[in-house]
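Numbering (the UniProt record's numbering), first residue to last: 1 to 239.
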């Protein structure tokens, strides 16, 4: 029986073309740090740091620590040389990227209805970004003040999607079994793997990401509006 609904953010509660967004973000960030590090070198280090977070399975290190170790090693920089610039970017420049998303009032309606129906709610967005960046995206989606019990960010997470360990850790933090959770997302290879550890899954149509393989069990599929109708008891989690 579902007790907790885990929501992905990008492409789910916040409609957007994730690929377009990431390319724009990396380009702007590289320009921001150009006075300190060569943009090409920076992008390579950024991608390597991201890959390190995805591959790392050390439960003793947060994603932030894993990224920092890889990134600083490859750039030859000290934390105090570049982190203030990155922090300023996320506070003053990143918020201007909101035009790359397509917020919908349905996001707030869905979250509010889930809470009204007695479900606990959490945001299970891939924790590859710092808290500031994810909080801005929650603001764009109009759900920054929603009563989420957990929002996965790189400061508080030790695993990433698509690993089962990421979903197990969420269940552990929320003190529920995986079987008590429903994962709602738009990515077949990052969100739907939650099924592998016993969570139910719902694929949100509109900005579906499908790399082909592997494929995972999908218990329900439809638009965000369909999911809202299901929450209100007016529809079903249809395949």
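A virtual CB, placed ideally from N, CA and C, is assigned to each residue, including glycine.
Residue i to residue j span [Cα, whole Å]
| i | j | result |
| --- | --- | --- |
| residue 96 | residue 202 | 31 Å |
| residue 23 | residue 198 | 34 Å |
| residue 86 | residue 40 | 16 Å |
| residue 28 | residue 129 | 15 Å |
| residue 72 | residue 234 | 52 Å |
| residue 239 | residue 62 | At residue 239, the pLDDT of 48 sits below 50, so the modelled position is not reliable and the matter cannot be decided from this model. |
| residue 30 | residue 94 | 12 Å |
| residue 208 | residue 187 | 6 Å |
| residue 101 | residue 16 | 5 Å |
| residue 134 | residue 98 | 12 Å |
| residue 108 | residue 12 | 12 Å |
| residue 144 | residue 113 | 16 Å |
| residue 168 | residue 76 | 35 Å |
Buried versus exposed call for residue i [16 or more other C-beta atoms within 10 Å across all chains shown]
| i | result |
| --- | --- |
| residue 45 | buried |
| residue 141 | buried |
| residue 59 | exposed |
| residue 185 | buried |
| residue 171 | buried |
| residue 57 | exposed |
| residue 190 | buried |
| residue 161 | buried |
| residue 127 | buried |
| residue 214 | exposed |
Short Cβ contact (7 Å threshold) for residue i with residue j
| i | j | result |
| --- | --- | --- |
| residue 119 | residue 218 | no |
| residue 116 | residue 148 | no |
| residue 220 | residue 237 | yes |
| residue 52 | residue 66 | yes |
| residue 106 | residue 14 | no |
| residue 64 | residue 154 | yes |
| residue 3 | residue 176 | yes |
| residue 183 | residue 194 | yes |
| residue 9 | residue 139 | no |
| residue 89 | residue 32 | yes |
| residue 36 | residue 82 | yes |
Where residue i falls: helix, strand or coil (DSSP)
| i | result |
| --- | --- |
| residue 4 | strand |
| residue 250 | As shown, the chain starts at 1 and ends at 239. That puts residue 250 outside it, with no answer to give. |
| residue 13 | coil |
| residue 203 | strand |
| residue 218 | coil |
| residue 36 | coil |
| residue 98 | helix |
| residue 211 | coil |
| residue 239 | Residue confidence is low: residue 239 scores 48 on pLDDT, short of 50, so the model does not pin down where it sits. No coordinate-derived value is stated. |
| residue 114 | helix |
| residue 195 | helix |
Any chain D beta carbon closer than 7 Å to residue i
| i | result |
| --- | --- |
| residue 138 | Absence of chain D from the displayed structure is noted, only one protein chain being present. |
Whole alpha helix (DSSP H) elements within the region 126-186, 4-residue minimum: Entirely contained in the region 126-186, the alpha helix (DSSP H) runs reaching 4 residues are, in chain order, 131-141 and 164-174.
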